[in-house]
Amino acid sequence: MPTFILTDAQQVTLAVAGADAAGNPKPIFGAPLWTTSDPAVLAITPSADGLTALAVSVAAQPDGAPPVTVTVSAFADATSTTLIAGTLNIGVVATPATQLIITPGAPEPKPAA
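For the sequence shown, position 60 matches number 443 in my numbering, and the numbering has no gaps at all.
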């Protein structure tokens, strides 16, 4: 189940930060690595420092498709030995209709009374 929803006409900036088990802020080391499980549905472009990334919807997913998983990994220590990761499940849905268009058919004679 997605934890975040985008339409196929949207994008969002994602940010990553380190935290301990209690949710207290902790530093991370090195530029985080961002990946997407389905680049045909959601493209990820990291910033230069890797602490944010732009997630751009590419196409809507079919109904019932699993969400796209965005994974980011970074080192928890300065010696680059402890790798940590986080994920976010994003669903990409079709943009809903925003208007109704009425199209007339060909004129025809009305029936005789």
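Every residue, glycine too, gets a C-beta built ideally from N, C-alpha and C.
- Selection ASN472, VAL453, THR465 evaluated against TRP417 yields VAL453 as nearest (Cα-Cα).
- Contact annotation, LEU425 with VAL399: C-beta distance approximately 16 Å; criterion of less than 8 Å not satisfied.
- Cα atoms of ALA436 and VAL451: separation of roughly 15 Å, rounded to the nearest angstrom.
- Taking ALA443 as reference, the option from GLY406, PRO487, ALA392 with the minimal CA-CA separation is ALA392.
- By the beta-carbon neighbour count (other beta carbons within 10 angstroms, threshold 16), PRO415 is buried.
- Scanning GLY469, ILE427, THR386 for the CA closest to the CA of ASP403 turns up GLY469.
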